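> Residue numbers (this note's numbering), protein chains in the order written: chain A, 50 to 548; chain B, 11 to 365.
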């Protein structure tokens, strides 16, 4: 096996128009080392690795592989230089077996594949690897951890000696994550691989990485050996002392129960499994956070709450009376929703900003005709009030940045008199300032007496905003604790389903 | 950015179909050249037979009415994100319903007779296409395929009924229903060689535009058409919107059948199965599913069809030639949908870097 290369990105700068996504960042991954890349959403981590992999062509700066400058035209070119990347989402073909996935990934397998010869070569390849996956099983039947291992094996099979892992554990339970990263760690210590891992989990960085680079707002915020840094040091680098900005204070006491789920059960997406969701209460002036690893029934719960999925047992009450989330009911009881990825789930992308802002209240009061003048007036108010950056109220909402789409959706849902706000992953993929603004709005709504249900995969977000924390695992609410007594380690155990 | 950025998208909306029309004409010209025919003569004949004189305008206008309704039958569901292409079925059955009802109400007062005929045509059309919407809502059946298959069923049903139970024993060579009495024939608009169905179609276009662009219900429909998931989260009655809008579209197509029978044919027979429902697809796409734009587009295509006979005689081409031309235009329209919305970027690129 070849020796792992040294990779150095020198003075990488990437500008998109007037926006500088990456500002003169230099980073060196020593041969056979495990290097972590830390940063908030929007700090420039993805931009940096996309520049390395040739998805983007850096405005300035260069890439050295083993001290020689190389120019990466595109990801295929990166592959030729032994640079590979494992993405957050799986890129395997679910209906094919692991072996088939490996062979088709090669691209040069030819029009007719000699499976007998390929099988022998694959078995030989697997015997050299420190870990393996069942080659003949269909990928869709593999657990998430196995799939992630297969993704990594695929890169090694393709000859990658430098691997970028983009939040590789976001779809794994902590146990699976430890196993997979342990194997990667073994590969680096044996000198077969150099690794750059994007993460925002301190625990993983501390357990597996040799060195760390921290980005903040596109610029280098700090670098060093993990052993020399405390978690506090890294957090300070990530957020920057001056611009952390604190959330508005938590004021007021929770009031009466607004949303109640009792013994709720619903089918999952496949329709074959019953999710034993359980009990849930959200009071006025309270944020209840539901923590959980992606894919543990949060999507289905959100669908139940928005009326897209029927309960097969139990009841859903708002203000003490049954609630089915029809438009009339949600207007009468003042229930508002902010589903994740608002452009996909909560906006009409080709309609204008003004029209999207009017979606909640255009039909309040009597009448048949659309009051376009009121729509325009309200749009201007909300655009100013929520600081939505747009060319104007008439611009298509899809032309806005992610943070501004989220602001627009939040402006719409929080305008007027709100009693219950149900939010899912509100800050997913947003930059730092947008995250701050969105979380502040949620906290302000809570202080104003709104009952807030926050479903989030980001544990830090849950701990920051919630009064009470619930954990959802395999479709069931399995744990509840006041936030003052919440311990990340305990929550993590429940999230993983071990309790 | 100033006013230009707001005007440009509007201009682009109108420009693309126009460019598609021209590009389709160029492709079709190649088709003519291969056969040794002159494209110049072809387009000159379209102009002469469709638009040059008062007589040709009459010829054109006489064909507009069903195209207006057929266009609406595609455009209205399209604004909800549904591609219904089987309006032909609702037209055919609507015509049959009008003819059969007309035979029953021959002795009624004229106004009541017309109302009964129109109502039965609208109802049967609404049920036929509404069923497509219902299948979509209840069973997730693809509305494009369902509507197309239902159109074939409608034609077969029509032929069967006209040749059996509703056949006028006096119609020997061409099986037809009983001819309508003269009082139940829709006449010409004063001073024009076009029947009242043209005006009704134009009114329907304006009403459909108002419904979609100016009412709350239409706004909910536009949101649903743009992002069904967002509409569901908003709690709109998406199933109701789909069934309601498909039924409305079918009802209008049924009305086209009523005017075809009451103003043109005088009874229901095989001439009613003319394919105008399919031409309506092209009308709606060229109009970009904007009901107001359907009016000029329908007139243009009516002119094409009006010239078919002259082209056949003068250029010795089969009468399907106009269909080939329409097909070329349709392909280009579909292609142009993939590049729409990119013109502002092109414009900026031409102007050079903005900073």
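Every residue, glycine too, gets a C-beta built ideally from N, C-alpha and C. It should be emphasised that the depicted structure is a prediction, and the values quoted were computed from it without experimental measurement.
Identify every run of the beta strand (DSSP E) within the stretch 96-181 of chain A, keeping only runs that are complete inside it and at least 3 residues long; order them along the chain.
109-114, 117-119 and 132-135
> If you count every other CB in all the chains shown that lies within 10 Å of the CB of residue 106 (chain A), and 16 or more means buried, which is it?
Within the first chain, the letter at position 57 stands for residue 106 (chain A). Exposed.
> Do residue 190 (chain A) and residue 131 (chain A) have their CB atoms nearer than 8 Å?
Position 141 of the first chain, counted from the start, is the residue given in the question as residue 190 (chain A). Position 82 of the first chain, counted from the start, is the residue given in the question as residue 131 (chain A). In this structure, residue 131 (chain A) does not lie closer than 8 Å to residue 190 (chain A) by Cβ.
> Any Cβ of chain B within less than 8 Å of the Cβ of residue 357 (chain A)?
Locating residue 357 (chain A) in the first chain gives position 308, counting from the first residue. Taking Cβ atoms only, chain B reaches closer than 8 Å to residue 357 (chain A), which makes this a yes.
> Buried or exposed: residue 257 (chain A), going by 16 or more other Cβ atoms within 10 Å of its Cβ?
Along the first chain, read from residue 1 onward, the residue named residue 257 (chain A) stands at position 208. Residue 257 (chain A) should be labelled buried.
> Any residues in the stretch 226-242 of chain B with a beta carbon nearer than 7 Å to a beta carbon of chain A? Which ones, in chain order?
226, 229, 232, 233, 236, 237, 239, 240 and 242
> In the DSSP assignment, the alpha helix (DSSP H) including residue 166 (chain B) goes from what residue to what residue?
Walking along the second chain from the start, residue 166 (chain B) turns up at place 156. It spans 153-173 - the alpha helix (DSSP H) in which residue 166 (chain B) sits, taken as one unbroken run.
> Going along the chain, which residues of its own chain have a beta-carbon closer than 8 Å to the beta-carbon of residue 59 (chain A), five neighbours each way excluded?
Against the first chain, residue 59 (chain A) aligns to sequence position 10. Within the same chain, residue 59 (chain A) has close Cβ partners 75, 110, 111, 112 and 113.
> What three-state label does DSSP hand residue 219 (chain A) in the structure shown?
Residue mapping note: residue 219 (chain A) aligns to position 170 of the first chain, counting from 1. Coil, per DSSP.
> Tell me whether the stretch 190-202 of chain A and the stretch 115-129 of chain A touch, counting them as touching only if at least three CB pairs, one residue from each stretch, are closer than 8 Å.
Fewer than three pairs of CB atoms, one per stretch, sit closer than 8 Å, so the stretch 190-202 of chain A makes no contact with the stretch 115-129 of chain A.
> Taking Cβ positions only, does residue 224 (chain B) come closer than 8 Å to chain A?
Residue mapping note: residue 224 (chain B) aligns to position 214 of the second chain, counting from 1. So yes, residue 224 (chain B) belongs to the interface.
> Taking all protein chains shown into account, do 16 or more other C-beta atoms lie within 10 angstroms of the C-beta of residue 515 (chain A), making it buried, or fewer, making it exposed?
Within the first chain, the letter at position 466 stands for residue 515 (chain A). Buried, since its Cβ has 16 or more Cβ neighbours within 10 Å.
> Kindly say whether residue 52 (chain B), judged by its beta-carbon, lies nearer than 8 Å to any beta-carbon of chain A.
Indexing the second chain from 1 puts residue 52 (chain B) at position 42. Not closer than 8 Å to any Cβ of chain A, the Cβ of residue 52 (chain B) fails to qualify, so no.
> Could you check which residue in A:286, A:404, A:308 and A:506 has the C-alpha nearest to that of residue 499 (chain A)?
In the first chain, counting from the first residue as 1, residue 499 (chain A) sits at position 450. The candidate whose alpha carbon is nearest that of residue 499 (chain A) is A:308.
> At a Cβ cut of 7 Å, what residues of the stretch 379-390 of chain A count as close to chain B, listed as they run along the chain?
379, 386 and 388
> Under 8 Å by Cβ, that's how I've got residue 259 (chain A) and residue 233 (chain A) pegged, so tell me the actual separation to the nearest angstrom.
For the purposes of this step, residue 259 (chain A) is identified with residue 210 of the first chain, where counting begins at 1. For the purposes of this step, residue 233 (chain A) is identified with residue 184 of the first chain, where counting begins at 1. That pair is no contact at about 12 Å.
> Taking DSSP as the reference, what is the three-state secondary structure of residue 293 (chain A)?
Looking up residue 293 (chain A) in the first chain gives position 244. Because the pLDDT at residue 293 (chain A) is just 46, under 50, the model does not fix this residue reliably, and the value given afterwards should be weighed accordingly. Residue 293 (chain A) falls in the coil class under three-state DSSP.
> Under the assumption that residue 163 (chain B) contacts residue 97 (chain B) (Cβ atoms under 8 Å), give the Cβ distance between them as a whole number of angstroms.
Numbered from 1 along the second chain, position 153 holds the residue referred to as residue 163 (chain B). Numbered from 1 along the second chain, position 87 holds the residue referred to as residue 97 (chain B). Not confirmed; about 14 Å, so no contact.
> What does residue 245 (chain B) reach in chain A if we use C-beta pairs closer than 7 Å?
Stepping through the second chain from its first residue, residue 245 (chain B) is reached at position 235. Simply 356, 374, 375, 376 and 379.
> Which whole-angstrom value is the C-beta distance of residue 442 (chain A) and residue 401 (chain A), which I expect to be below 8 Å?
Counted from its first residue, the first chain places residue 442 (chain A) at position 393. Counted from its first residue, the first chain places residue 401 (chain A) at position 352. Contact flag correct, Cβ pair sits at about 6 Å.
> Taking 8 Å as the threshold (C-beta atoms), are residue 346 (chain B) and residue 29 (chain B) in contact?
Within the second chain, numbered from 1, the residue matching residue 29 (chain B) stands at position 19. Within the second chain, numbered from 1, the residue matching residue 346 (chain B) stands at position 336. Cβ distance < 8 Å, so residue 29 (chain B) and residue 346 (chain B) count as in contact.
> Residue 193 (chain B) by DSSP, collapsed to three states: which one?
One-based indexing of the second chain puts residue 193 (chain B) at position 183. Residue state, collapsed to three classes: helix.
> Report the option in A:152, A:156 and A:180 whose CA atom is closest to the CA atom of residue 168 (chain A).
The residue you call residue 168 (chain A) lines up with position 119 of the first chain. Of A:152, A:156 and A:180, the residue nearest in Cα terms is A:152.
> Ignoring anything shorter than 4 residues or poking outside the stretch 351-387 of chain A, list the alpha helix (DSSP H) runs there in chain order.
376-381
> Report the start-end ranges of each alpha helix (DSSP H) in the stretch 41-65 of chain B that is 4 residues or longer and not cut off at the edges.
Counting whole runs of 4 or more residues, the stretch 41-65 of chain B contains the alpha helix (DSSP H) stretches 49-60.
> Work out the CA separation of residue 405 (chain A) and residue 426 (chain A) for me, nearest whole Å.
For this step, residue 426 (chain A) is matched to residue 377 along the first chain. For this step, residue 405 (chain A) is matched to residue 356 along the first chain. Their backbone Cα atoms lie some 13 Å apart in a straight line.
> In the DSSP assignment, the alpha helix (DSSP H) including residue 522 (chain A) goes from what residue to what residue?
For the purposes of this step, residue 522 (chain A) is taken as the residue at position 473 of the first chain. From DSSP, residue 522 (chain A) is part of no alpha helix (DSSP H) but of the beta strand (DSSP E) over 517-522.
> Mind checking if residue 417 (chain A) is an interface residue toward chain B, Cβ cutoff 8 Å exclusive?
As a first step, residue 417 (chain A) must be located in the first chain, where it is residue number 368. Closer than 8 Å to some Cβ of chain B, the Cβ of residue 417 (chain A) qualifies, so yes.
> Confirm, please, whether the CB-CB distance from residue 187 (chain B) to residue 110 (chain B) is below 8 Å.
Counting from one through the second chain, the residue named residue 110 (chain B) turns up at place 100. Counting from one through the second chain, the residue named residue 187 (chain B) turns up at place 177. Going by C-beta atoms, residue 110 (chain B) is nearer than 8 Å to residue 187 (chain B).
> Of all the alpha helix (DSSP H) runs that stay within the bounds of the stretch 204-255 of chain A, which reach a length of 4 or more residues?
223-238
> Tell me whether residue 26 (chain B) is buried or exposed, calling it buried when 16 or more other Cβ atoms sit within 10 Å of its Cβ.
Within the second chain, the letter at position 16 stands for residue 26 (chain B). By the neighbour-count definition (other C-beta atoms within 10 Å, threshold 16), residue 26 (chain B) is a buried residue.
> Tell me whether the beta-carbon of residue 257 (chain B) lies closer than 8 Å to the beta-carbon of residue 106 (chain B).
Start at 1 with the first residue of the second chain, and residue 257 (chain B) comes out as number 247. Start at 1 with the first residue of the second chain, and residue 106 (chain B) comes out as number 96. No, these two residues do not count as a Cβ contact at 8 Å.
> Buried or exposed for residue 261 (chain B), please, with buried defined as at least 16 other CB atoms from any protein chain shown within 10 angstroms of its CB.
Against the second chain, residue 261 (chain B) aligns to sequence position 251. Residue 261 (chain B) should be labelled buried.
> What are the start and end residues of the beta strand (DSSP E) that includes residue 61 (chain A)?
Within the first chain, the letter at position 12 stands for residue 61 (chain A). Where residue 61 (chain A) is concerned, the enclosing beta strand (DSSP E) stretches over 56-65.
> Do you know whose CA, among B:38, B:229, B:62 and B:37, lies nearest residue 317 (chain B)'s CA?
Here residue 317 (chain B) is taken as the residue at index 307 of the second chain, counted from 1. The candidate whose alpha carbon is nearest that of residue 317 (chain B) is B:62.
> From this set, A:149, A:215, A:160 and A:265, which residue's C-alpha is nearest residue 283 (chain A)'s C-alpha?
The count along the first chain starts at 1 and reaches residue 283 (chain A) at position 234. That would be A:265, whose Cα lies nearest to the Cα of residue 283 (chain A).
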